[in-house]
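Everything below concerns the one structure shown next.
2 protein chains.
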Amino acid sequence: METPWEYRFAHRTQKMGSSIIRELLKLTEDPSIISFGGGLPAPEVFPLEKFSEACNFVLDNYGPTALQYGATDGYAPLREMITRHKARYSVSIKPENVMITSGSQQALDFIGRLFINRGDYIVVESPTYLGALQAWNAYGAQYITVPVDEDGMIVDELEKALRVGPKFIYILPNFQNPSGVTLSLERRQLIVEMADKYGVPIVEDDPYGQLRYEGEHLPSLAYLDSVYRGDVGTYTGNVIYLSTFSKVLAPGLRLAWVIAPEMVIKKLVQTKQAADLHTSTFTQMVAFEVGKGGFLDEHVKIIRAVYKERRDVMLETMEEIWPSDTSWTTPKGGMFLWGKVPEKIDTTQLLKKAIERKVAFVPGIAFNADGKGKNAMRLNFSYSTPETIREGITRLGYLLREEILK
Amino acid sequence: METPWEYRFAHRTQKMGSSIIRELLKLTEDPSIISFGGGLPAPEVFPLEKFSEACNFVLDNYGPTALQYGATDGYAPLREMITRHKARYSVSIKPENVMITSGSQQALDFIGRLFINRGDYIVVESPTYLGALQAWNAYGAQYITVPVDEDGMIVDELEKALRVGPKFIYILPNFQNPSGVTLSLERRQLIVEMADKYGVPIVEDDPYGQLRYEGEHLPSLAYLDSVYRGDVGTYTGNVIYLSTFSKVLAPGLRLAWVIAPEMVIKKLVQTKQAADLHTSTFTQMVAFEVGKGGFLDEHVKIIRAVYKERRDVMLETMEEIWPSDTSWTTPKGGMFLWGKVPEKIDTTQLLKKAIERKVAFVPGIAFNADGKGKNAMRLNFSYSTPETIREGITRLGYLLREEILK
């Protein structure tokens, strides 16, 4: 007989959907499948030796502190390191503008908790990051989707969306997950202006900003807001900015950060107190030891070189093998590109056939709050080696040829 | 001018209360204050050398896995280790009954998310663990408080509470935080029966169960439920059981676990996917390496010896110095005891004076969902050395004498 704990789930009709990405990640555990499905960094680039040194240094010198309870807002030297990094790249902030989170997913969850009331509209890109939708679905968010093209969010469509009175705009400006596209400078400026005009604030999610393989770094929305307000380089507070150590160091640490107005950080800290007290003191101290003295700047150069090669192999193989009525984005950085197939092919159905041929991707529909993306797929190029990428993309190409001829 | 992010906080009247414990933890950063306020383990007992070995072993042998994304339910060998541990102490469970959380606080939060609808009643002890109240306040819980005496929750009062139709009973059976009292065997049996009679399930929170300094280990409610149902040693699923590595190993790792019916674990996993994807792979693998081969069983003996001495010094000093119209509990384990002072002394006021004399505790009112505890205080005996405990308890004793004479 069911206990009361189970009864409520067994006898209600509304089911929470399980994550397509998570189910796919399970497939990647089968080593015979070439998976472009996950969003995993290349394990070859983890700086293992540096990690060992840092662990030993932390335990030898600060052991009792590293294993003890710590501050909810995060390890102070790590917050200061982020402050200096941000000042170099964008706007000057204080440590009081920074909170450490257990991955950016936690920052998204907390933003949902603090700001979303059931039924609130959130403006998102179409397609957008699946994890944000998962986090905010739990708070009853509704979405206004604004399509992206090769230059990111289409601004004319955004203005219509803003007139509906959404709670905030969620945007991934650099090498967006899943599409790989980058928001142009001109559109960045327009979005900042429009957000101000309608009094709608922005969540800028930037996990990949440092993984650029060609072209010039573009300024963040947080910075452009300071320019727009005539207070260049000051953190103006209209943009909550998220980034992470997962892509430039290692995701297994679960370390990310959120930059927000002091008052919002205070609320986020209260939220985190109730949610998990604080993020692991030990991993924060290890990340600080690994990152200090400019190590990450050097390390990220290695990551860029490795991922650029993999992206190039993926693009070249698609060019060579994929049928002419398919298309794809050409990301200037990041970890993903976005493939489009003819109308008659549903990528969720295609995935099942692909798995039979031992290759996997994520169907585009997973990333669209509006049910679009049926003829699209996300392909990750960071995880597999160049040889494997060539093999997997070739298999997919032949599968697509067959499906198109059917 | 406030940005829209800030405006909503600056211009609403309802404020979230900041945590008294957290504010006090800040005081403990001033090394001149003797703090009995926090709930910190003794840093002297962290097994630093073992940790260094485990970090090196994990990075040398499983580095790329340890730094990569991992499964949401937790590192499989760690879940299996918990399964074996639980079978030894109580009931047999499968790994599918276990999820790793980032501290027990996260398990409390997720239970709130899954089970509490705004306005739901939860039965809690009076006093009870502050962190549970903080977690569940966020979901609009209301509390029915059942007082505790030296034998734990008073069962006659519980039956009245169950007739109101609460969502679940929350109980800390062993060396309860904050009171230090332990639920008697007879009451454990009665509570399990009553819970079944009214169809109300139980959350059993057991962070301190292994830290017993005298007397015999008492069976868990999860086990007694199996006895009551005539299925001895089987996990019957009416009791969700929480425990943690924070007290037997190190809190800075943020590692705990929840044991629940498979169906509930699936929902908890979905919740965790949206909340923070998963707990750090690295810390889980390190904890497994430290814990395997029976190390924790040996290590916990050291912790017991250290904490027993500290408890004894605290009790002896109170006996010696504190005025006759004060009283306190005599915990058989754990990290806390509960002091009571005469009616005319408000312990929140007393704390301010105590801090002037460089000694701190947590006022009892912080732990009571019903506003009681004005004349009580929680004293932690695990963190300070015996000499410091003697000094701090003596200072408090003299302060109390003065206040009573006033």
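Those protein sequences? They're chains G and Y, same order as listed.
Residue numbering for the first sequence follows the working numbering, beginning at 483 and increasing consecutively.
Residue numbering for the second sequence follows the working numbering, beginning at 483 and increasing consecutively.
For each residue, glycine too, the CB sits at the ideal point set by N, CA and C.
Just so we're clear, the structure is a prediction, and the values are computed from it rather than from any experiment.
Note on residue 646 (chain G): under 16 other CB atoms within 10 angstroms of its CB, so exposed under the neighbour-count rule.
Taking 9 Å as the Cβ-Cβ cut-off, the region 552 to 583 of chain G approaches chain Y at 552, 553, 554, 583, given in chain order. At a cut-off of 8 Å between beta-carbon atoms, residue 718 (chain G) makes contact with chain Y. Annotated as distal: residue 597 (chain Y) and residue 768 (chain Y), with beta-carbon spacing of 8 Å or more. Proximity of residue 637 (chain G) to chain Y, defined by a Cβ-Cβ separation below 8 Å, is not satisfied.
Judged by DSSP in its simplified three-state form, residue 808 (chain G) adopts coil rather than helix or strand. Residue 800 (chain G) has a beta carbon lying at 8 Å or more from every beta carbon in chain Y.
Assigned with DSSP and collapsed to three states, residue 658 (chain Y) falls in coil, not helix or strand. Listed along the chain, the chain G residues whose CB falls inside 7 Å of the CB of residue 836 (chain Y) amount to none; the nearest CB is some 22 Å away.
Contact annotation for residue 585 (chain Y) against chain G: 758, 759 [CB-CB distance below 8 Å, chain order].
The C-alpha of residue 643 (chain Y) lies about 8 Å from the C-alpha of residue 628 (chain Y). For the pair residue 875 (chain G) and residue 841 (chain G), the Cα-to-Cα distance works out to about 8 Å. Counting C-beta pairs closer than 8 Å gives three or more between the region 675 to 693 of chain G and the region 723 to 740 of chain G, which meets the contact rule. Contact annotation: residue 820 (chain Y) and residue 662 (chain Y) have beta-carbon atoms nearer than 8 Å. In this structure the region 843 to 859 of chain Y touches the region 822 to 834 of chain Y; the number of beta carbon pairs closer than 8 Å is three or more. The three-state secondary structure of residue 583 (chain G), taken from DSSP, is strand. Closest option to residue 704 (chain Y), judged by alpha-carbon separation, among Y:735, Y:743, Y:625: Y:743. Of Y:836, Y:879, Y:858, the smallest CA-CA separation from residue 514 (chain Y) is found for Y:836. When C-alpha distances from residue 760 (chain Y) are compared across Y:602, Y:799, Y:556, the shortest belongs to Y:556. Three or more Cβ pairs closer than 8 Å define a contact, and the region 861 to 874 of chain Y falls short of that threshold against the region 617 to 628 of chain Y. For residue 740 (chain Y), the enclosing beta strand (DSSP E) has its first and last residue at 738 to 741. Taking 9 Å as the cut-off between beta carbons, the residues of the region 708 to 741 of chain G near chain Y are 718, 719, 720, 721, 722, 728, 731, 732, 733, 734, 735, 736, 737, in sequence order. Unbroken alpha helix (DSSP H) stretches of 4 residues or longer found wholly inside the region 616 to 647 of chain G: 637 to 644, given in chain order. Counting only residues of its own chain and dropping the five nearest sequence neighbours on each side, residue 587 (chain Y) has a CB closer than 7 Å to the CB of 613, 617.
Remark: C-beta atoms of residue 573 (chain Y) and residue 710 (chain Y) do not approach each other more closely than 8 Å. By the rule that beta-carbons nearer than 8 Å mark a contact, residue 818 (chain Y) does not touch chain G.
In chain order, 683, 718, 719, 720, 743 make up the part of chain Y whose C-beta sits under 8 Å from the C-beta of residue 485 (chain G). Residues 586, 589, 687, 740 of the same chain have their beta carbon placed closer than 6 Å to that of residue 724 (chain G), with the five preceding and five following residues left out of the count.
Residue 592 (chain Y) and residue 552 (chain Y) have their C-alpha atoms roughly 19 Å apart. Among the residues of chain G, none has a CB under 8 Å from the CB of residue 519 (chain Y); the nearest is roughly 12 Å distant. In the DSSP assignment, the residues bridged to residue 653 (chain Y) are Y:686.
The C-alpha of residue 540 (chain G) lies about 28 Å from the C-alpha of residue 792 (chain Y). Here the alpha carbons of residue 563 (chain G) and residue 570 (chain G) stand approximately 11 Å from one another. Residue-level contact by beta carbon fails for residue 770 (chain G) and chain Y, as no gap is shorter than 8 Å. For residue 692 (chain Y), there are no neighbours in chain G by C-beta distance under 8 Å, as the nearest C-beta there is about 18 Å away.
According to the DSSP secondary-structure assignment, residue 574 (chain Y) is paired through a beta bridge with Y:716.
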